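Report on the structure given below.
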Amino acid sequence: MAKTHTRYVCSHCGRQTAMKMGRCPNCGEFNTMQEVVEEVKKAPSLKAAARAQGALGLPQSRPQRLHEIGTQAEERLFVPIEEFSRVLGGGLVPGSIILLGGEPGAGKSTLLLQTSALLAQEHGTVLYVSGEESAYQIKMRADRLKLDAPDLFLVTETNLGRIFDHVQALKPSILIVDSIQTTYSDDIDASPGLVSQVRECASRLQYFAKTSGVTVFLIGHVTKDGSIAGPRVLEHIVDTVLYLEGDPFQSFRLLRSVKNRFGATSEVGVFEMQGLGMVEVPNPSEAFLAERVVNASGSAIAVTMEGTRPLLVEIQALTSPTAFGNARRTPNGVDMNRLQLISAVLSKRVGLRLFEHDIFVNVVGGMKVSEPASDLAMAVAIASSYHDKPVPADLAIIGEVGLSGELRAVSQLSARLNEATKIGFRRALIPKPRRRLEDVPPQLQLLECRSIADALRIVLH
């Protein structure tokens, strides 16, 4: 007996769902979902596809000596969006598979729609497959973004077999699947989004990318804790994992690389959500400091590294006498444990009575700072608010704070100092180096200190 598959199609807008609904989730019309029963043609498995590859005379795998393997520079597809290209490592590698995750409403579909339109103009046919929105909805977004790409094709489909049929007919250079959690294979008797379906569909798409040379983008849903939904093996299957981060109340979005087989990890691209979509920010340090109030207490400028890029961010702190027995520590953009450590060091090594004060720390612009090089800036901001004395407006602060109150050196100090000079800072507070620094801008005055107590005496004298 042939296997059948039941789906429900809205007679008003054409939206497909896997279960019966009284109201269409797309257009909102009632009693328009009609049942459609189809006979399922079993798609070839990965093993069958591998056997077919050998039958067609395609190259088979064989062991090679290391010195026999030729090396050549990998050819990358040019990405017109510079910030996106930076995160990818300099462009798209043909045959790679890229996973993009992010919170709902972060702008994943908007960013990839903009990118696909530009890629279609540069490299020919691009196929955008949506399992969550109709082609009409995507067209409305494209009109709002003023996109014009004759070689960009849209289709609403969730069945993996039919997606491959469209790919075979169009032969695109780039395939975008939005999203992997809505895609299903007929070979797996499970609902879309379950572990077995996600693993099977991702494996099929990976095999297709590697054997055809087509670059594949996958959009992934995230769970409540911010990780990509589905099995962890999904992140091992793909070549690159990107996260689109951003505070829903801020306009800035950070595209962060957490895995990249063809480039540096932890690389960051900065975008701003505007009426015309995601606009890249070529100089994010200036953008983060644009609304800074100079000569205000509780504000310090830290120079942090995001991948290979130095960024200047403003760290704000506010101390207030507590009205309760236990003083609160409230971080936004910094780690809670790091804030408690800095507070304890300031209390023990400097003598600030912070146990009587609530402390609030905020990183301006929706940034999240996690590296220890921002410790000294956080400590200076807290002490500045506690004494109600402003930090000099032209001072950048770099350094890690130890439990004994000592200041420790940080990596890539020269790159940080050069970035601070470009933005207009004339002084930098740094830990005393063990050896002479090289490549330091001559117009930058270095204030070197060994302990956090010495640093506070220099800044808040």
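Each step along the sequence shown adds one to the number in our numbering, with nothing skipped, and position 10 is 68. All residues carry an ideal CB built from backbone N, CA and C; glycine is no exception. Just so it is clear, the structure is predicted and the values come from calculations on it, not from any experiment.
In this structure, does DSSP put residue i in helix, strand or coil?
{"i": "C259", "result": "helix"}
{"i": "S69", "result": "coil"}
{"i": "F382", "result": "coil"}
{"i": "K317", "result": "strand"}
{"i": "C507", "result": "strand"}
{"i": "H519", "result": "coil"}
{"i": "L218", "result": "helix"}
{"i": "H415", "result": "strand"}
{"i": "H451", "result": "A small fix is needed here, since residue 451 is Ala in this sequence, not His. If DSSP states are grouped into helix, strand and coil, A451 belongs with coil."}
{"i": "P368", "result": "strand"}
{"i": "T269", "result": "helix"}
{"i": "I400", "result": "helix"}
{"i": "E477", "result": "helix"}
{"i": "E93", "result": "strand"}
{"i": "A76", "result": "coil"}
{"i": "V145", "result": "helix"}
{"i": "V422", "result": "coil"}
{"i": "S188", "result": "strand"}
{"i": "L502", "result": "coil"}
{"i": "E140", "result": "helix"}
{"i": "L252", "result": "coil"}
{"i": "V225", "result": "helix"}
{"i": "T362", "result": "strand"}
{"i": "A467", "result": "coil"}
{"i": "A375", "result": "strand"}
{"i": "L104", "result": "In this predicted model, L104 has a pLDDT of only 48, less than 50, meaning its place in the structure is not dependable enough to derive any value."}
{"i": "R109", "result": "The pLDDT assigned to R109 is 49, lower than 50, so where the model puts this residue is not dependable, and the model offers no usable value."}
Does residue i pass the burial test, meaning 16 or more other C-beta atoms within 10 Å, or should it be called exposed?
{"i": "V272", "result": "buried"}
{"i": "N217", "result": "buried"}
{"i": "A18", "result": "No answer is possible for residue 18: the residues shown for the chain start at 59 and end at 519."}
{"i": "K229", "result": "exposed"}
{"i": "D446", "result": "exposed"}
{"i": "K166", "result": "buried"}
{"i": "A402", "result": "exposed"}
{"i": "I14", "result": "No answer is possible for residue 14: the residues shown for the chain start at 59 and end at 519."}
{"i": "G159", "result": "buried"}
{"i": "L495", "result": "exposed"}
{"i": "V517", "result": "buried"}
{"i": "H279", "result": "buried"}
{"i": "T377", "result": "buried"}
{"i": "T281", "result": "exposed"}
{"i": "A200", "result": "buried"}
{"i": "R290", "result": "exposed"}
{"i": "R73", "result": "buried"}
{"i": "H294", "result": "exposed"}
{"i": "A164", "result": "buried"}
{"i": "T556", "result": "Since the first residue of the chain shown is 59 and the last is 519, residue 556 is not available in this structure."}
{"i": "P491", "result": "exposed"}
Kindly indicate the opening and closing residues of the alpha helix (DSSP H) around residue i.
{"i": "H294", "result": "291–295"}
{"i": "H445", "result": "433–445"}
{"i": "L334", "result": "Counting along the chain, L334 falls outside any alpha helix (DSSP H), and DSSP gives it neither H nor E."}
{"i": "D201", "result": "193–202"}
{"i": "P342", "result": "342–346"}
{"i": "L177", "result": "166–181"}
One question on the structure: do residue i and residue j come within less than 7 Å of each other, judged by their Cβ atoms?
{"i": "L263", "j": "V256", "result": "no"}
{"i": "V187", "j": "E141", "result": "no"}
{"i": "M336", "j": "L146", "result": "no"}
{"i": "S315", "j": "E325", "result": "yes"}
{"i": "V419", "j": "A375", "result": "yes"}
{"i": "L205", "j": "A175", "result": "yes"}
{"i": "S192", "j": "N318", "result": "no"}
{"i": "E338", "j": "I481", "result": "no"}
{"i": "A439", "j": "G356", "result": "yes"}
{"i": "L334", "j": "L203", "result": "yes"}
{"i": "L157", "j": "V296", "result": "yes"}
{"i": "V449", "j": "G391", "result": "no"}
{"i": "G44", "j": "R311", "result": "In the structure as shown, the chain starts at 59 and stops at 519, and residue 44 therefore has no counterpart that could be examined."}
Considering just the uninterrupted stretch of the beta strand (DSSP E) at residue i, what are its terminal residues?
{"i": "I234", "result": "232–236"}
{"i": "N353", "result": "Unbroken run through N353: none, as it is neither H nor E."}
{"i": "E303", "result": "298–303"}
{"i": "T281", "result": "Note, T281: premise wrong, no beta strand (DSSP E); not H, not E."}
{"i": "T388", "result": "387–390"}
{"i": "A486", "result": "485–489"}
{"i": "I127", "result": "Neither: I127 is in no beta strand (DSSP E) and is coded neither H nor E."}
{"i": "G160", "result": "155–160"}
Check whether the Cβ of residue i lies closer than 6 Å to any heavy atom of the ligand ADP, and answer yes or no.
{"i": "S509", "result": "Absence of the ligand ADP from the depicted structure is noted, as is the absence of any ligand whatsoever, leaving it without description."}
Subject >> Stretch-stretch touch, CB-based, cutoff 8 Å, three pairs: the stretch 131–140 with the stretch 244–258 >> reply: no
**OP:** Specify whether the stretch 352–369 and the stretch 474–482 touch according to this definition: at least 3 beta carbon pairs, one from each stretch, less than 8 Å apart.
**Re:** yes
Original post:
For the 8 Å Cβ check, are there 3 or more pairs between the stretch 171–190 and the stretch 220–237?
Top reply: yes
Original post:
Is it a yes or a no for the stretch 476–488 touching the stretch 452–465, going by three-plus beta-carbon pairs under 8 Å?
Top reply: yes
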